[in-house]
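Asks: Residue numbers (the numbering used here): 136 to 638.
Structure representation (structure tokens):
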């Protein structure tokens, strides 16, 4: 029986489990060798991050991680096994520059070079057509490692795609990623992987939109790496700072890990949270002066409730369902509805407290947004709907009239809320004050992420950082501004009633 025949028999069985491990991972740990950080060569043994990724991964994956956790190595091993056991497979790994591409290819080449001689000189003998390419002619399979550029993936039919350090891809990377994804067959496997690099740009957008696009999110903090620890005498790192106490309580960190963390944070300062991620929010750093208080955003994130209901691939998230007898407001920031550009967003708040109850977010044309908002309004006790009437908002208001939806906010006799050069600063200031006073009111990860990327620009204007969005922020600002205005109207009416009684 030939080695080629044996390899092909494994292909359909890779996802089958033998005990706690898949056949794929057994082949990885039994065949593939790596060069560990301390030098030498050894068989690959999966670490914590690699094992967790293996358990949870699907066909579409996005990985946010701390530095040097071995995810790139594991994805390379995973794809190498798939390439040599499934004839006709094309695997492509794309790095952010030539140097990184060479480093990844060295990992893959070592996998091949350290295989048993019978495989290397038999079924897996290869010819290299050009740099960073392995062609297995007996299998009609191919493994490529490339640097990100406009030509990456063009003319290919890709079965396994790994995009490494996407946050650092040149020229934004949008066109390159679009070209690569278009080349992946429907049943193919995709991994977008990176450390964080600012709360804007391609990778940030991909991470934020993953619930909508159907990508499985994987987050791996720095303490998943066992070597990120120092030898210290018991009690030497005491007393612990408040943030350190939380890490020990929530994640069981040891004194040695806390000591390691302190040394890294002293060296890297504000970049430490980016390079050695501790949560999927704070690792994204905004450039420019953040309008909202960062410490308050972190408090809000730490106390945020999990959504009790998620619908339409994450487009609609609910934290607090409607309660009979309560009154609600829906603030709506409309957009054009195309697949690119700004999103549309609707924020549902409870009128008395200002509590965020639900969030609708996605690319919706005016009629679709109006229909969804009307459904949301009816669900929330015929909520008062306040649509920003600037630009596309006029179309949404017109469709609400036709549906019809009756409880629409009026401002100076006109339907909708007007965001102007005069009203916008007051709206943002009001939102910032509510956030500072009651951070526990806010629960949406998208909204909290946009808080971090809402910055004051050089011209003095407050808006989303370059490459980021502020649709959730503006919808919430509208909802809270309307809440304040409605409270003022009630107060004025009560004043008039009291005056008439006195007369």
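Every residue, glycine too, gets a C-beta built ideally from N, C-alpha and C.
According to DSSP, which residues form a beta bridge with residue 452?
Replies: 445 and 494
Asks: Can you list, in chain order, the residues of its chain whose CB lies under 8 angstroms from that of residue 176, leaving out five sequence neighbours each side?
Replies: 168, 169, 170, 245 and 249
Asks: Spell out whether any CB of chain D is found under 8 angstroms from the CB atom of residue 365.
Replies: Of the protein chains in this structure there is only one, and it is not chain D.
Asks: Check the C-beta distance from residue 493 over to residue 479 and give it rounded, since I have them as a contact under 8 angstroms.
Replies: Incorrect: roughly 14 angstroms between the Cβ atoms, too far for contact.
Asks: If we ignore side chains and look at the alpha-carbon of each, how far apart do residue 259 and residue 437 end up?
Replies: 51 angstroms
Asks: So, at 6 angstroms on beta carbons, what are the nonlocal neighbours of residue 145 in its own chain, with the 5 sequence-adjacent residues on each side left out?
Replies: 220, listed in sequence order.
Asks: Identify, in the order they occur along the chain, each residue of the same chain with its Cβ nearer than 8 angstroms to the Cβ of residue 139, setting aside the five sequence neighbours on each side.
Replies: 257, 258, 273 and 274
Asks: Quick check: the Cα distance between residue 608 and residue 284, rounded to an integer number of angstroms?
Replies: Note on geometry: alpha-carbon atoms of residue 608 and residue 284 lie some 34 angstroms from one another.
Asks: Rounded C-beta distance between residue 418 and residue 391? I'm assuming under 8 angstroms.
Replies: With 8 angstroms as the limit, residue 418 and residue 391 do not qualify as a contact, their Cβ atoms being about 22 angstroms apart.
Asks: Helix, strand or coil, according to DSSP, for residue 295 in the structure here?
Replies: Judged by DSSP in its simplified three-state form, residue 295 adopts strand.
Asks: Which parts of the region 180–216 are runs of the alpha helix (DSSP H), unbroken and 4 residues or longer, counting only runs that do not cross its ends?
Replies: If only uninterrupted alpha helix (DSSP H) runs of at least 4 residues are considered, those enclosed by the region 180–216 are 183–191.
Asks: How about residue 268 and residue 255: do their beta carbons lie closer than 8 angstroms?
Replies: no
Asks: Within 10 angstroms of the Cβ of residue 403, are there 16 or more other Cβ atoms? Answer buried if so, exposed if not.
Replies: exposed
Asks: Should residue 243 and residue 287 be called a contact, given that it needs their Cβ atoms to be closer than 8 angstroms?
Replies: no
Asks: Which same chain residues end up closer than 7 angstroms to residue 415 when comparing Cβ atoms and leaving out the 5 residues on each side of it in sequence?
Replies: 199 and 354
Asks: Examine the Cβ distances between the region 295–306 and the region 315–327 and report whether three or more of them are shorter than 8 angstroms.
Replies: Yes: the two stretches touch, three or more of their Cβ pairs being nearer than 8 angstroms.
Asks: Measure the alpha-carbon distance for residue 261 versus residue 141 and round it to whole angstroms.
Replies: 18 angstroms
Asks: Let me check you understand the geometry: is the CB of residue 308 closer than 7 angstroms to at least one non-hydrogen atom of the ligand FMN?
Replies: The ligand content of the structure shown is nil, which means the ligand FMN is not present either.
Asks: When the Cα atoms are used, what is the spatial distance from residue 428 to residue 571?
Replies: Cα-Cα distance, rounded: 7 angstroms.
Asks: Sort 555, 188, 561 and 444 by Cα distance to residue 351 and report the nearest one.
Replies: 188
Asks: If distances are taken between C-alpha atoms only, which option among 613, 148 and 366 comes closest to residue 545?
Replies: 613
Asks: Comparing alpha-carbon positions, which option in 497, 576 and 227 lies nearest residue 315?
Replies: 227
Asks: Alpha carbons only, please: which of 580, 557, 586 and 522 is nearest the one belonging to residue 567?
Replies: Here the closest residue by C-alpha is 586.
Asks: First and last residue of the beta strand (DSSP E) that includes residue 598?
Replies: 597–599
Asks: Out of 202, 500, 148 and 615, which one is the CA nearest neighbour of residue 565?
Replies: 615
Asks: How about residue 521 and residue 497: are their beta carbons less than 8 angstroms apart?
Replies: no
Asks: Can you tell me where the beta strand (DSSP E) with residue 388 in it begins and where it stops?
Replies: Unbroken run through residue 388: none, as it is neither H nor E.
Asks: For residue 356, tell me which candidate among 251, 576, 594 and 205 has the shortest Cα-Cα distance.
Replies: 205
Asks: For residue 446, count neighbouring C-beta atoms within 10 Å of its own C-beta (all shown protein chains included) and say buried if the count is 16 or more, exposed if not.
Replies: exposed
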